[in-house]
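Residue numbering for the sequence shown follows our numbering, beginning at 5 and increasing consecutively.
Using N, Cα and C, we set each Cβ at its ideal position, and we do this for glycine too.
Treat the numbers as computed from the prediction; the structure is a model and nothing was measured.
Notes follow once the structure below has been shown.
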Amino acid sequence: MMKRSNILRSTCFAVLCAMGLGAVAAEQPAALDLESLQPTREQMIASLQTVELLRLQHYNKLKLDDALSSQIFDNYIKALDPQRSLFTQADIEVFEQYRHSFDELLPSGNLSVGFAIYKRQMDRLDQRLSYAQKLLDDGLDTLDFSSDQSILIDREEAAWAADEQALIALWRKQIKDEVLRMKLAGRDMDTITEMLTKRYKGQQLRLSQTQSEDIFQGYINAFTQVYDPHTQYMSPEVAENFDINMSLSLQGIGAVLQSDDEYTKITRLVPAGPAAKSQQLAPADRIIGVAQGNGEMIDVVGWRLSEVVKLIRGPKGSDVRLEVIPASNPPTDLSTRTVALVREEIKLADQAAKSTVLEFGDGQDAQRIGVIQVPNFYIDFKAYRRGDEDYTSTTRDVRRLLSELQEQEVDGIVLDLRNNGGGSLQEATELTGLFIDRGPTVLVRDTRGDVQVLDDPESGVAYTGPMAVLVNRLSASASEIFAGAMQDYGRALVIGEPTFGKGTVQSIQPLNHGELKLTLAKFYRVSGQSTQHRGVVPDIHYPSLLQTTDIGESSLPGALPWDTIPPARYNADGHLAPFIKQLADRHELRAAIDPEFSYTLARLDLNRTIEERKYLPLNETKRREQQEAFDKSLLLLENKRREARGEKPLTELESDDPLNEISPAMAGVDEDKLEDDPFLAETGKILIDLLELQHQLARAG
């Protein structure tokens, strides 16, 4: 095949920059200094090192050829314009000539095409912001909200704007939609004008502050993430603050974030952190504003994730306020909630496993179920390495709690792993060992295909009674290893939602400039099934309180697939399998008449009906009718739930979402509310059903 690299070096930027700015050029307040944004020698060397490290060490052995180049191209265009609202068809046609060039450009250290495409996106974004500002200057009363226009909600697969006039028409619709959402959220036009003016000017200012490193990071990650979504280049700034910026864990409030188009979305709450304790935040909430103490709320829509992280971080004891759009809002509802938090240092002791006892029935017939909450898999490595016999760990704490619960003569035990994002692999293995009498716990397959078997070498079991493992969509990594082992051994019922599906191992490799995080291995259950992508599928399902298409490994583009390898040798106890169908049937009968389960299922169906809409009207009357219909349906559901509980009905909806009340685990577990958690209570009832069925079988035998 003819080499194109030399031609590309001299022509690509000239071709891209020669494209006219068209009808909106005169509306730009100031031209961006795009010419100064050039790749550095350090970046070129880092790109060469990245190519070589991925070739030699990544678990996913991919050949850098035309096919992979095409994927890199698609990744990059999607990252720069995820809703297809900046580039025109003409832009894409120019870019297309480089679709099969990246397999030549990257190994040669040529970054020119990547930089040129990125700068074209900056140019278009600047035009859009200038156009939006002009609309605001002309007055929002020029916008017509009585027409029959509509707007496509999700443009990820939409056709590109045919030309610049079509692009301007799209921008106008998008701004009308933004204004209309704010109107429906109760804001007046003066407030909307003020808010949007600050937002657009702030975005233009940050756009003008774009540096060469921002472009390089965006471009090189379009390449790294064709391998898998956890492989990424980290700039020197990000690498310097690894624990916060790489993992996106906000030290001080306890939340894990990710970018979601122009929003910053919460993906997980750290147990015992201020965000979880507040009971006012939940996964999939979108942060749109941040304020320090009683200071002015700063609009962060359109900000880079790293900038939002910096704004939220702060010293221990200081106050921060977040303005969020709750995840439970329908797509048309931009109403917000302001949450005040005090930044804290999240200590290991605060995240330690805890236990409680739930009682079912009265008097002598009462049955007691012990609950152990395991918020993460932790170990005090410093104490462990220096030989301290009293070092803190998940396994040690759970062993102690098991002993205490058995002294209280509980009839069964629930290990609650909801929202447990993982942690120490060693602890996942050792915790498994508390419930099995020796044997393998997890398999780790490396990039060469070699399989390492991790096992529990100690004989003896800490608890032999009935047990359930409660999981949800946010149970990940080490949680999935433990839950999968309990399911494979037949040692416990796994109950809840399919788990996250994070079944890969990453390592950090230094570069001459920044660092590369890359995937080196994959986890497998002792049955040979991967935990990757699919997660652990529970024996008995609960309705998912999270939109699983938005959260979880399967929602990440380029995620490695689920697969299997030969199983390990282990002794599975099949005594639970005959009961699962009966237990599921009993659960479904209870759930059908339980007001909390009934509400949850009906509420999720209502949300899905709203989410299935493809278009939204830009007619204010029609949009309000849609919103009022949703609110009316939601009020009917809530009052039906209240009636079943013997509570007074509402005349209007309250500001707090009932879903958070139903499942404390969704907004951060509060141990004082465990008895009011219907999912936990139902898990206890399923264990009691299991005891009854086992006794029946024993009597019959």
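Under the three-state reduction of DSSP, Phe91 is assigned to coil, being neither helix nor strand.
Taking all protein chains shown into account, Tyr102 has 16 or more neighbouring C-beta atoms within 10 Å of its C-beta and is therefore buried. Distance from the CA of His579 to the CA of Leu694, rounded to the nearest whole angstrom, comes to 11 angstroms. Looking at the DSSP output, His545 shares a beta bridge with Gly500. The alpha-carbon separation between Arg628 and Ser150 amounts to approximately 12 angstroms.
Ile569 sits in coil when the DSSP states are folded into three classes, being neither helix nor strand. The alpha-carbon of Ser602 is positioned some 17 angstroms away from that of Lys689.
Straight across, the Cα-Cα distance linking Asn79 with Val230 is about 7 angstroms. Straight across, the Cα-Cα distance linking Ser216 with Gly297 is about 34 angstroms.
Here the alpha carbon of Asp264 sits roughly 10 angstroms from the alpha carbon of Arg308. Only residues of its own chain outside the window of five on either side were considered, and among them Ser397, Ser428, Glu431 have a CB closer than 6 angstroms to the CB of Ile383, listed in chain order. Here Lys82 carries a helix assignment [DSSP, helix/strand/coil]. Ranked by how close their Cα comes to the Cα of Glu311, the residues Gly488, Asp369, Arg210, Glu363 have Arg210 in first place. If you draw a straight line from the Cα of Met199 to the Cα of Gly469, it is about 59 angstroms long. When only Cα atoms are considered, Gln42 and Lys386 end up about 45 angstroms apart. Residue Arg372 holds the alpha-carbon nearest to the alpha-carbon of Leu409 among Asp289, Pro571, Arg372. Taking Asp303 as the centre and dropping the five residues before and after it, the same chain places the C-beta of Met199, Lys202, Arg203, Gly206, Ile292, Gly293 closer than 7 angstroms to its C-beta, in chain order.
DSSP places Ser212 inside the alpha helix (DSSP H), whose first and last residues are 193–212. Our two residues, Asp394 and Glu348, have alpha carbons roughly 26 angstroms apart in a direct line.
If you ignore the 5 residues before and after Glu161, its C-beta comes within less than 7 angstroms of no other C-beta in its own chain. DSSP places Tyr603 in the uninterrupted alpha helix (DSSP H) bounded by 599–615. According to DSSP, Gly416 shares a beta bridge with Ile373. Per DSSP, Val361 is one residue of the beta strand (DSSP E) stretching across 358–364. Residues of the same chain with a CB within less than 8 angstroms of the CB of Asp181, apart from the 5 flanking positions on each side, are Ile155, Leu620, Leu622 in chain order.
Bounds of the beta strand (DSSP E) holding Glu327 are 323–329. Looking from the CA of Tyr546, the closest CA among Leu587, Arg573, Leu564, Gln355 belongs to Leu587. Cα atoms of Thr568 and Gly532: separation of roughly 5 angstroms, rounded to the nearest angstrom.
The beta carbon of Lys320 lies closer than 8 angstroms to those of Gly256, Arg347, Glu348, Glu349 in the same chain, with the five residues before and after it left out. Apart from the 5 residues on each side of it in sequence, Leu84 sits with its Cβ closer than 6 angstroms to the Cβ of Gln125 in its chain, given in chain order. Taking 8 angstroms as the cut-off, the beta carbon of Leu285 is found closer than this to the beta carbon of Val343.
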